[in-house]
Amino acid sequence: MNFKGITYYLGLFCFPVGILAFINILYSSYFDYFLSINSYIITLLISVITGVALLLFSKESKKNISFLDQLVLIVLVYFLIALLISIPLYLSNNQVTFINAVFESISGLTGTGFSVFENIKYLDPTLILWRSSSQWIGGLYFLFFLILIFSNNKFNFKMNNLTFSSDGGINFEANVKGLLSKIFIIYSSLSLIIFLLLNFVEIRLFNSLNLSMSMISTGGFLPTNSLNNIIKTNPQKLVFIFALLISILNFFLILNISQKKVVLRDHKEDFYLIIFSIIFIFLIYFNNYSGLDIVISVLSSLGNSGLSLINSNNNLSLYFILLTIIGGSLISNTSGIKLIRIYILLKTSSSEILKLISPNSVINKNIFNSERKITNENIRISFLIFISFFISLFILSGILIVDKIDFEQSFKLSILTITNTTFSGMFGIEQMNFANLLTTSKLSLIIFMIIGKIELISVFLIFKKIFYKD
């Protein structure tokens with residue numbers, strides 16, 4: 002294992018946290034929130050010192066690291082950056098314990114949105130902004146991982162090649178700077194577009210800023226206790242729907258539109274996601290809810306955001322839970338099994354049944370009627386992802402039951418954890434006080450929030466690297 006090489010990249014990931022801390026220092030100074038400014042100064046110093054120390058330690062290291070080393074890097078990034086982000090939470094005046102601060106920061110980085118705070122409106126505005134920033138930077142980092150690391154052709158268990166073609170990887174230094182710049186520009190531009198649109202429909206500036214960071218990262222943190230306190234009018238709901246669509250679809254869709262490429266040919270997955278959403282919206286439309294509220298709930302579930310205007314008194318929670326399991330595009334901040342993998346499993350199963358009935362029949366192996374064909378590797382990976390999802394689900398729900406959470410609640414909470422979806426009224430789950438959970442439950446949720454983001458196969462590969470060296 003190239004430990005020094007891993008350390009080099011780990012050091013680089015520390016500096017953006019320092020930039021966010023510096024922005025919060027400016028915000029605190031401008032609005033006279035001097036009570037909390039020291040925590041951001043400490044975070045800035047620790048982030049910069051840690052980054053510089055790690056870079057100096059790995060100064061003479063080999064910068065090309067293997068794919069399995071890259072997976073180790075991803076896990077270390079989540080834990081190290083979570084520790085840095087937890088500093089203002091721990092040092093705040095809200096008497097947050099260390100484990101709760103780490104829980105909150107991991108929840109933000111993974112875009113899950115579980116919170117140890119019950120009354121957000123009583124929090125320091127700088128801390129609310131910090132929580133939203135953790136989601137934003139977590140979403141940006143995950144896109145880096147998804148495109149630069151998980152696009153590795155040798156271990157393509159994310160199957161990104163089905164919707165994205167690149168030889169880029171962290172091993173290919175010539176491509177890294179260009180890809181990172183492109184990802185950062187698109188991500189920041191989309192965040193700005195959402196922010197401006199939210200302002201245009203007369204949502205308060207502070208709420209617009211926090212919501213834009215949550216939406217682009219498919220996160221679940223809100224600047225207030227309920228989404229109903231922010232989204233009230235139909236124009237606001239329409240902008241919110243637009244923001245949810247952006248977060249669900251392929252990250253490079255807007256880039257390809259701007260470059261006047263043939264979007265439908267290159268984004269079949271996105272087309273079928275939209276069709277699937279429309280069908281689902283139509284199926285549940287005839288309930289006693291506003292049409293736009295239903296659209297928001299469907300897209301929020303599919304995009305693993307979990308933000309909704311529907312309260313807990315509904316009979317649709319099972320449908321929304323199923324949508325979170327599916328998730329959005331392969332190249333997005335969403336989690337879940339993914340529509341394209343489920344499609345591959347269903348099509349393969351139906352093909353095998355057809356072979357039994359009519360052995361001489363010609364089987365169509367094209368994916369979404371495109372030029373790409375289903376390979377045996379696609380089938381194996383889709384099946385492994387499907388199985389590993391439910392293995393994770395049963396392990397976590399079993400642990401949560403020990404914490405005196407009833408079976409239904411623990412099962413739903415486990416699904417939301419593994420799909421990195423915040424809980425809300427539409428899932429029919431009672432309000433939970435995460436701060437009062439047992440430490441074992443918090444640690445389990447932390448681990449499975451990360452597993453839900455990088456998928457269990459990553460963990461298996463890391464263990465194989467550590468314990469079964471070639």
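Residue numbers (my numbering): 2 to 471. Even for Gly, the Cβ is constructed at its ideal location relative to N, Cα and C. Because the structure is a prediction, the values reported are computed rather than measured.
(Q) Helix, strand or coil for Asn367? Go by DSSP, reduced to three states. (A) strand
**Q.** Thr423 beta carbon less than 8 Å from that of Gly221
**A.** yes
Q. Grouping DSSP H, G and I as helix and E and B as strand, with all else coil, what is Lys374?
A. strand
Q: Whole angstroms is fine: what's the gap from Leu239's alpha carbon to Lys269's?
A: Cα to Cα, Leu239 sits roughly 24 Å from Lys269.
Q. Would the beta-carbon of Ser472 fall within 8 Å of that of Asn334?
A. Residue 472 cannot be examined here, being either before or after the span of the chain that is shown, 2 to 471.
Q: Count the CB pairs spanning the segment 359-372 and the segment 435-446 that are closer than 8 Å, and state whether there are at least three.
A: no
Q: Can you give me the start and stop residues for the alpha helix (DSSP H) that Ala22 sits inside?
A: 16-31
(Q) Rounding to the nearest angstrom, what Cα-Cα distance links Ala22 and Lys356 in this structure? (A) 60 Å
Q.
To the nearest angstrom, how far is the alpha carbon of Ser108 from that of Asn305?
A. 13 Å
Q: Under the assumption that Leu401 contacts Ser383 (Cβ atoms under 8 Å), give the Cβ distance between them as a whole number of angstroms.
A: Leu401 to Ser383, Cβ: 27 Å. No contact.
(Q) At the level of alpha carbons, what is the spacing between Ile232 and Leu85? (A) 32 Å
Q. Looking at the structure shown, is Ser62 part of a helix, part of a strand, or coil, going by DSSP?
A. If DSSP states are grouped into helix, strand and coil, Ser62 belongs with coil.
Q. If we count the other Cβ atoms within 10 Å of its Cβ and call it buried at 16 or more, is Leu13 buried or exposed?
A. exposed
Q: Give me the Cα-Cα distance between Asn72 and Glu203, rounded to the nearest whole angstrom.
A: Contrary to the premise, residue 72 reads as Leu rather than Asn in this sequence. Leu72 and Glu203: Cα-Cα distance of roughly 43 Å.
Q. Which whole-angstrom value describes the C-beta separation of Ser318 and Gly328, a residue pair presumed to lie in contact below a C-beta threshold of 8 Å?
A. With 8 Å as the limit, Ser318 and Gly328 do not qualify as a contact, their Cβ atoms being about 18 Å apart.
**Q.** CA-to-CA distance, Phe4 to Leu199, given in whole angstroms
**A.** 44 Å
(Q) Tell me which residue opens and which closes the alpha helix (DSSP H) that Leu245 is part of. (A) From DSSP, the alpha helix (DSSP H) with Leu245 extends over 235-249.
Q | As assigned by DSSP and simplified to three states, the class of Leu223 | A | coil
(Q) Leu303 and Leu228 - do their beta-carbons sit closer together than 8 Å? (A) no
Q. Going along the chain, which residues of its own chain have a beta-carbon closer than 6 Å to the beta-carbon of Ser67, five neighbours each way excluded?
A. none
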